[in-house]
Amino acid sequence: MKLTYNQPCKIYKQIHESPDALLCVISTDTNRTQGPCNGDSGAPMFLRGTNMIVGVEIFARKNETHPCLTRENFYGTNVFFYRNWIERTMKLIDIYAGRTDVYQFPQLQYSHKIIIHENFHYYENTIIPVNDIAIIKTFYPFTETSTVKVAKLPEYQTGWGLF
């Protein structure tokens, strides 16, 4: 995956209330075997080769041939933009964790509380979310395994390179 600032991205950033909060991403996979699919909203975007979460997928543009693995842009919430809010909010909860495959349930936890950013809304009757980030509190902590890892918050802004 690669961050981009192409024409569709410029349009979304121009109408977004907080342009730096939005990541614009394209797939660099020419075989079209990697990329977002319907239902992937909320999926983490990690810096390649690390456990540093740089974004959370919010929506994608479909192409005409298949709703998954699109070559067109998809968009994410820039985690670095919300780092201070995340750190303040995390003090109110015990733990947060996630999973990467909707068909595998290695650990089942029930959510105790969902904390949505206090300024979340949709931009002027569009599908473009603003301040689209939340933290889920569980009753019990997850056990770290080969498929469940702690996500590290970014210490710096993500550049325009690969992640």
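Each residue of the sequence shown is one higher than the one before, starting from 118 at the first, in my numbering. For glycine and all other residues, C-beta sits at the position ideal for the given N, C-alpha and C. What you are looking at is a predicted structure, and each value in this text was computed from that prediction instead of being measured.
Buried or exposed by the 16-neighbour rule on C-beta atoms within 10 Å, applied to residue i
| i | result |
| --- | --- |
| Pro246 | buried |
| Asn201 | exposed |
| Tyr273 | exposed |
| Thr194 | buried |
| Asp211 | Below a pLDDT of 50, predicted positions are generally treated as unreliable, and Asp211, at 47, falls in that range; no measurement from the model is reported. |
| Asn123 | exposed |
| Tyr257 | exposed |
| Thr260 | exposed |
Distance between residue j and residue i (C-alpha atoms, nearest Å)
| i | j | result |
| --- | --- | --- |
| Ala251 | Thr121 | 24 Å |
| His238 | Glu134 | 10 Å |
| Ser263 | Gly166 | 14 Å |
| Pro136 | Lys127 | 9 Å |
| Asn248 | Phe163 | 19 Å |
| Gly172 | Val265 | 18 Å |
| Arg205 | Lys230 | 16 Å |
| Thr255 | Ile232 | 11 Å |
| Gln243 | Met118 | In the sequence under discussion, the amino acid at residue 243 is Thr, which differs from the Gln named in the question. Rounded to whole angstroms, Thr243 to Met118 spans 26 Å at the Cα level. |
| Thr145 | Phe191 | 12 Å |
| Ile253 | Glu235 | 14 Å |
| Phe198 | Pro125 | 21 Å |
| Pro271 | Ile203 | 11 Å |
Proximal residues to residue i (C-beta, below 7 Å), its chain only, five neighbours per side dropped
| i | result |
| --- | --- |
| Ala268 | Pro161, Asn168, Ile170 |
| Leu139 | Tyr129, Lys130, His133, Tyr192, Asn195 |
| Ile175 | Ser158, Tyr192, Gly193, Thr194, Pro246, Asp249 |
Residue i Cβ short of 7 Å to the ligand NAD heavy atom set
| i | result |
| --- | --- |
| Ile170 | Within the structure as shown, the ligand NAD is missing, as the structure has no ligands at all. |
Sequence-distant residues of the same chain with beta carbon closer than 8 Å to residue i, five excluded per side
| i | result |
| --- | --- |
| Tyr240 | Ile132, His133, Glu134, Pro246, Val247 |
Residue(s) in a DSSP beta bridge with residue i
| i | result |
| --- | --- |
| Val265 | Note: Val265 sits in no beta bridge, so no partner. |
| Val247 | His238 |
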